[in-house]
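Asker: Using my numbering, you'd call the opening residue of the sequence shown number 465 and step up by one each time. First the structure, then my questions, so here it is.
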Amino acid sequence: MEVGKARLIFAFTLATLIPGLLADIAVFDEVWQKRAEEAKKVTLTSYVPNPEEATDDFNFEVNKYAPARNSTLNVGIGNDFGSTNSTNVDLLDDDDEFDQLANSTRRNLRQGKKKYLGPCKVTNPIDRCWRCRRNWAKNRKRLAKCALGFGRRTIGGMRGRIYVVTENSDDDVLNPKPGTLRHAVIQTEPLWIIFSKNMNIKLSKELIMTSHKTIDGRGHHIHISYGAGITIQFIQNVIIHGIRIHHIVATSGGSIRDSVEHFGIRTNSDGDGISIFGSSNIWIDHVSMSRCTDGLIDAIMGSTAITISNSHFTHHNDAILLGASDSFSGDELMQVTVAFNHFGQGLVQRMPRCRWGFFHVVNNDYTHWRMYAIGGSKHPTIISQGNRFIAPPELYLKQVTKRDYSPESEWKTWTWRSENDLLMNGAYFIESGQPRTERPHKKFMITAKPGALATRMTLFAGALDCKPDLLYKDYQTNYKFTLTTFTPTGVTITSSGTKKGEFLGADVNTQLKNKNITTDIKVDTSSNLFTTITVDEPAPGLKTIFSFKVPDQRSGKVEVQYLHEYAAVSSSVGLTVNPTVNFSGVIGTNVASLIFHSTPKLGTSSNAMLELSLSKVELIASLTL
465 MEVGKARLIF
475 AFTLATLIPG
485 LLADIAVFDE
495 VWQKRAEEAK
505 KVTLTSYVPN
515 PEEATDDFNF
525 EVNKYAPARN
535 STLNVGIGND
545 FGSTNSTNVD
555 LLDDDDEFDQ
565 LANSTRRNLR
575 QGKKKYLGPC
585 KVTNPIDRCW
595 RCRRNWAKNR
605 KRLAKCALGF
615 GRRTIGGMRG
625 RIYVVTENSD
635 DDVLNPKPGT
645 LRHAVIQTEP
655 LWIIFSKNMN
665 IKLSKELIMT
675 SHKTIDGRGH
685 HIHISYGAGI
695 TIQFIQNVII
705 HGIRIHHIVA
715 TSGGSIRDSV
725 EHFGIRTNSD
735 GDGISIFGSS
745 NIWIDHVSMS
755 RCTDGLIDAI
765 MGSTAITISN
775 SHFTHHNDAI
785 LLGASDSFSG
795 DELMQVTVAF
805 NHFGQGLVQR
815 MPRCRWGFFH
825 VVNNDYTHWR
835 MYAIGGSKHP
845 TIISQGNRFI
855 APPELYLKQV
865 TKRDYSPESE
875 WKTWTWRSEN
885 DLLMNGAYFI
895 ESGQPRTERP
905 HKKFMITAKP
915 GALATRMTLF
925 AGALDCKPDL
935 LYKDYQTNYK
945 FTLTTFTPTG
955 VTITSSGTKK
965 GEFLGADVNT
975 QLKNKNITTD
985 IKVDTSSNLF
995 TTITVDEPAP
1005 GLKTIFSFKV
1015 PDQRSGKVEV
1025 QYLHEYAAVS
1035 SSVGLTVNPT
1045 VNFSGVIGTN
1055 VASLIFHSTP
1065 KLGTSSNAML
1075 ELSLSKVELI
1085 ASLTL
């Protein structure tokens, strides 16, 4: 019944979805159309028909271990992968220094007056799953078993190999250099991405990710700053952990590679720190975020199955936006858990700001706001449990909640509940809707930790200063071999194989280059045959590409590209019964450019787009028709 309702919601909102899909995509070609369709299917499968089951399960995990008093953490490398059954984990140690620190106001803590310098401690169930283990650097992928809440199924790149980012450059967004973060996130295979050293990465354009990736900054200080942010669009299964994102700015659009096999023309980015668009199974954990041009985190347009945890947010106006439009009812499928975060200095509003969906806000520490903490419109369900709210000194800022665009006669039916929250300095939470009385999974119905413990549970929010134990080397027991053979006739044969645990995969790639014609033929262990024929410069600046995949009969495509210093034109024709023709072009300089795209298809209507973009110093403007 509930699943059928979810499908009906998506069918009903399809007409409103299509215009929104074009957000930031200047050329909505076949690749993006396919991604959008796949993303909608994943949203439906990720949606929990009874969301209270997920919140109850979260509360069960928080409470199933009694506080261990006067105990110490002693977890070695012998524990099972992903196990959470050890009983000696010190969630609430009675250490005087730690106890005093945890109960002190966060206003003083974050101003540097006190800093915890004692042994490693864990203070919430997500951290107790992986932190303070001597071999964490060797067993990084243990983290993939630790997500809770609506994003609990997220495993990121757990089933892939380790990819080490070795340099911070981002000079070429069309052909990213191996060893860069951009090169890592566009790969089609699952990857666990780590870093070789401290880095400050200034992204020249938005960083467009692909599915099944983990960005793991543990062990080094990794900053994404003073450039574009991270875009998670029409994909699934992404973990972002242990990085610092700040001073993100809006950047101009243009051609950006979004996978190994595809690039497209994008419009200007908004300046969000992390933008989640039509994506599912996303976990953001232990990130520090501040000072972005638009939002710190935006999750919109049918995104669901998201957990935002253990993060530290400061110095920003619009912190977290969950659902961007009052007119897009497809966000009724949005389900987000916001847990164990610290909302700190310099924040104004949206912690979070919600529309349509179901939102579990649990055991967060709110020490600053200048308008409100939690807001929303379009009847979202908000369950606030065990949070601490410290109101500002001004009398007119004491209210935690804010409801937009609806009279009280309407919003009084919305389900906004406060359970075991700690309201300090005059803070008050205006509840609405009926109290939660029907609990479908009673064995999980244990309330969250009370708000008085929120400070402890969020004490280590933000990116951590994790250091690998010198006794254990950071390596993976995976193997990969590559054998390349060159022949006098110009044929290059490359054979490669990969062993990842019990999985063994291999492929053979044959490349023949004759003058300006290059033929690539690749066969993998799944009996897929990839063929690409490239004719380079039959005329100056011209390139022709013919590609197809066997056994996919609809994969054939012919593409013609023309590149000039001040112009670029690309046209492709799908080799099907009713072929789709894509034509796009751009002309201009780094100051002004004109972009055109058309997608005629036999037997159907055509789509066309024209954009004028101006960019100079700190001014970026565009007009799209």
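Even for Gly, the Cβ is constructed at its ideal location relative to N, Cα and C.
Once the 5 residues before and after H726 are set aside, which same chain residues still bring their CB inside 7 Å of it?
Answerer: Along the sequence shown, one-based indexing puts residue 726 at 262. Correct list, in chain order: V495.
Asker: By Cβ distance, which residues of its chain are closer than 6 Å to L886, with the 5 residues on each side in sequence left out?
Answerer: Locating residue 886 in the sequence shown gives position 422, where the first residue counts as 1. R852, G915 and A916.
Asker: Please classify R571: is it buried, with 16 or more other beta-carbons within 10 angstroms of its beta-carbon, or exposed?
Answerer: Within the sequence shown, the letter at position 107 stands for residue 571. At R571 the pLDDT is 46, less than 50, meaning the model places this residue with poor confidence; the figure from the coordinates comes in the next sentence. Exposed.
Asker: Rounded to a whole number of angstroms, what is the C-alpha to C-alpha distance between N538 and C596?
Answerer: Working through the sequence shown from its first residue, we reach residue 538 at position 74. Working through the sequence shown from its first residue, we reach residue 596 at position 132. Because the pLDDT of N538 is 36, which lies under 50, any placement of that residue in the model is unreliable, and the question is left without a value.
Asker: Mind listing, in chain order, the continuous beta strand (DSSP E) runs of no fewer than 3 residues lying wholly within the region 715 to 782?
Answerer: For the region 715 to 782, whole beta strand (DSSP E) runs of length 3 or above, ordered along the chain, are 718 to 723, 726 to 730, 738 to 741, 744 to 749, 752 to 756, 761 to 764, 768 to 773, 776 to 778 and 780 to 782.
Asker: Closest by CA to N774, which one among I764, T757, T801 and S767?
Answerer: Working through the sequence shown from its first residue, we reach residue 774 at position 310. Checked all of I764, T757, T801 and S767; the closest Cα to N774 is T801.
Asker: Could you say which of I657, D722 and S689 lies nearest to I703 if we only look at CA atoms?
Answerer: Indexing the sequence shown from 1 puts residue 703 at position 239. Nearest C-alpha to I703: I657.
Asker: From what residue to what residue does the beta strand (DSSP E) around A500 run?
Answerer: Walking along the sequence shown from the start, residue 500 turns up at place 36. That residue, A500, is in no beta strand (DSSP E); its alpha helix (DSSP H) goes E494 to S510.
Asker: Express the C-alpha separation of G794 and I694 in angstroms, rounding to a whole number.
Answerer: For the purposes of this step, residue 694 is taken as the residue at position 230 of the sequence shown. For the purposes of this step, residue 794 is taken as the residue at position 330 of the sequence shown. If I take the Cα positions, the gap works out to 23 Å.
Asker: Within 10 angstroms of the Cβ of K504, are there 16 or more other Cβ atoms? Answer buried if so, exposed if not.
Answerer: On the sequence shown, position 40 is the one that residue 504 refers to. Counting Cβ neighbours within 10 Å, K504 comes out buried, since at least 16 surround it.
Asker: When the Cα of S789 is compared with those of L671, W878 and Y869, which residue comes out closest?
Answerer: By 1-based counting over the sequence shown, the position of residue 789 is 325. Here the closest residue by C-alpha is Y869.
Asker: Using a threshold of 7 Å, is the CB atom of A500 nearer than that to any non-hydrogen atom of the ligand ADP?
Answerer: This structure lacks the ligand ADP, and indeed carries no ligand of any kind.
Asker: From L581 to C930, what does the alpha carbon distance come to, in whole angstroms?
Answerer: Residue numbering aside, residue 581 sits at position 117 when the sequence shown is read from its first letter. Residue numbering aside, residue 930 sits at position 466 when the sequence shown is read from its first letter. Going by the C-alpha atoms only, they are around 13 Å apart.
Asker: Say whether the region 736 to 744 touches the region 764 to 771, bearing in mind that this needs 3 or more beta-carbon pairs closer than 8 Å, one atom from each stretch.
Answerer: Short answer: they touch.
Asker: Who are the near neighbours of F522 in its chain, counting only those whose CB is closer than 6 Å to its CB and skipping five residues on each side?
Answerer: Taking the sequence shown and counting its residues from 1, one reaches residue 522 at position 58. The residues are L612 and G613.
Asker: By the DSSP assignment, the alpha helix (DSSP H) with E874 in it spans what residues?
Answerer: Along the sequence shown, read from residue 1 onward, the residue named residue 874 stands at position 410. Note, E874: alpha helix (DSSP H), E872 to W875.
Asker: Would you call the CB atoms of K913 and G821 closer than 8 Å?
Answerer: For this step, residue 913 is matched to residue 449 along the sequence shown. For this step, residue 821 is matched to residue 357 along the sequence shown. Not in contact: K913 and G821 (Cβ atoms no closer than 8 Å).
Asker: Based on the DSSP secondary-structure assignment, which residues constitute the bridge partners of H710?
Answerer: The count along the sequence shown starts at 1 and reaches residue 710 at position 246. Answer by DSSP bridge pairing, in chain order: S689 and S754.
Asker: Rounded to a whole number of angstroms, what is the C-alpha to C-alpha distance between P857 and M622?
Answerer: Taking the first residue of the sequence shown as position 1, residue 857 is located at position 393. Taking the first residue of the sequence shown as position 1, residue 622 is located at position 158. Taking the straight line joining both Cα atoms gives about 46 Å.
Asker: Give every residue of the same chain whose Cβ lies closer than 8 Å to the Cβ of A530, excluding the five residues on either side of it in the sequence, and list them in chain order.
Answerer: The count along the sequence shown starts at 1 and reaches residue 530 at position 66. Residue placement at A530 is flagged as unreliable, the pLDDT there being 43, under the threshold of 50; the coordinate-derived value follows with that caveat. Closer than 8 Å at the Cβ level, and outside the excluded window around A530, lies no residue.
Asker: Label I428 either buried or exposed according to how many other C-beta atoms from any shown protein chain fall within 10 Å of its C-beta, with 16 as the threshold for buried.
Answerer: Beyond the ends of the chain as shown, which are 465 and 1089, falls residue 428; an answer cannot be given.
Asker: Rounded to whole angstroms, what's the CA-CA distance from F950 to T956? Just pull it up for me.
Answerer: As a first step, residue 950 is located in the sequence shown; it is residue number 486 there, counting from the start. As a first step, residue 956 is located in the sequence shown; it is residue number 492 there, counting from the start. Roughly 5 Å between the two C-alpha positions.
Asker: Between S882 and S848, is the Cβ-Cβ spacing less than 8 Å?
Answerer: Looking up residue 882 in the sequence shown gives position 418. Looking up residue 848 in the sequence shown gives position 384. Yes, the Cβ-Cβ distance between S882 and S848 is below 8 Å.
Asker: Can you tell me the Cα-Cα spacing of N514 and N701, whole angstroms?
Answerer: For the purposes of this step, residue 514 is identified with residue 50 of the sequence shown, where counting begins at 1. For the purposes of this step, residue 701 is identified with residue 237 of the sequence shown, where counting begins at 1. Going from the Cα of N514 to the Cα of N701 covers about 21 Å.
Asker: Count the other CB atoms, across all protein chains shown, that sit within 10 Å of the CB of A918; report buried if there are 16 or more and exposed otherwise.
Answerer: Locating residue 918 in the sequence shown gives position 454, counting from the first residue. The residue is buried, with at least 16 neighbouring Cβ atoms inside 10 Å.
Asker: If contacts are defined as beta-carbon pairs under 8 Å, then Y627 and L655 qualify, I think. What distance do you get, rounded to the angstrom?
Answerer: Position 163 of the sequence shown, counted from the start, is the residue given in the question as residue 627. Position 191 of the sequence shown, counted from the start, is the residue given in the question as residue 655. Indeed, because the Cβ distance is near 5 Å, the residues count as touching under 8 Å.
Asker: In whole angstroms, what is the alpha-carbon distance linking A1072 and G1049?
Answerer: Position 608 of the sequence shown, counting from 1, holds the residue named residue 1072. Position 585 of the sequence shown, counting from 1, holds the residue named residue 1049. Rounded to the nearest angstrom, the two C-alpha atoms are 12 Å apart.
Asker: Can you tell me where the alpha helix (DSSP H) with H824 in it begins and where it stops?
Answerer: By 1-based counting over the sequence shown, the position of residue 824 is 360. Note, H824: premise wrong, no alpha helix (DSSP H); beta strand (DSSP E) at F822 to V826.
Asker: Please work out which residues of its chain come closer than 6 Å, Cβ to Cβ, to G810, disregarding the five sequence neighbours upstream and downstream, and give them in chain order.
Answerer: Stepping through the sequence shown from its first residue, residue 810 is reached at position 346. The residues are T778 and H779.
Asker: Beta-carbon within less than 6 Å of G890's beta-carbon, same chain only, minus the 5 sequence neighbours each way: which residues are those?
Answerer: What you label residue 890 is simply residue 426 of the sequence shown in a count that begins at 1. These residues qualify, in order along the chain: A855 and K862.
Asker: Between the alpha carbons of V751 and Y830, how many angstroms are there, rounded?
Answerer: Here residue 751 refers to the residue found at position 287 of the sequence shown. Here residue 830 refers to the residue found at position 366 of the sequence shown. If you take the alpha carbons of V751 and Y830, they lie about 17 Å apart.
Asker: Measuring alpha carbon to alpha carbon, tell me which residue in R920, N980, D736 and N662 is nearest I707.
Answerer: Looking up residue 707 in the sequence shown gives position 243. Per the Cα distances, N662.
Asker: For the alpha helix (DSSP H) containing M921, list its first residue and its last residue.
Answerer: Within the sequence shown, numbered from 1, the residue matching residue 921 stands at position 457. Segment A918 to M921, the alpha helix (DSSP H) holding M921.
Asker: Using DSSP's beta-bridge definition, name the partner residues of C818.
Answerer: Within the sequence shown, the letter at position 354 stands for residue 818. Per DSSP, L786 and G840.
Asker: Once the 5 residues before and after L1074 are set aside, which same chain residues still bring their CB inside 6 Å of it?
Answerer: Numbered from its first residue, the sequence shown carries residue 1074 at position 610. These residues qualify, in order along the chain: F1060 and L1089.
Asker: Would you tell me roughly how many angstroms separate the C-alpha atoms of R646 and R625, rounded to the nearest one?
Answerer: Working through the sequence shown from its first residue, we reach residue 646 at position 182. Working through the sequence shown from its first residue, we reach residue 625 at position 161. About 17 Å.
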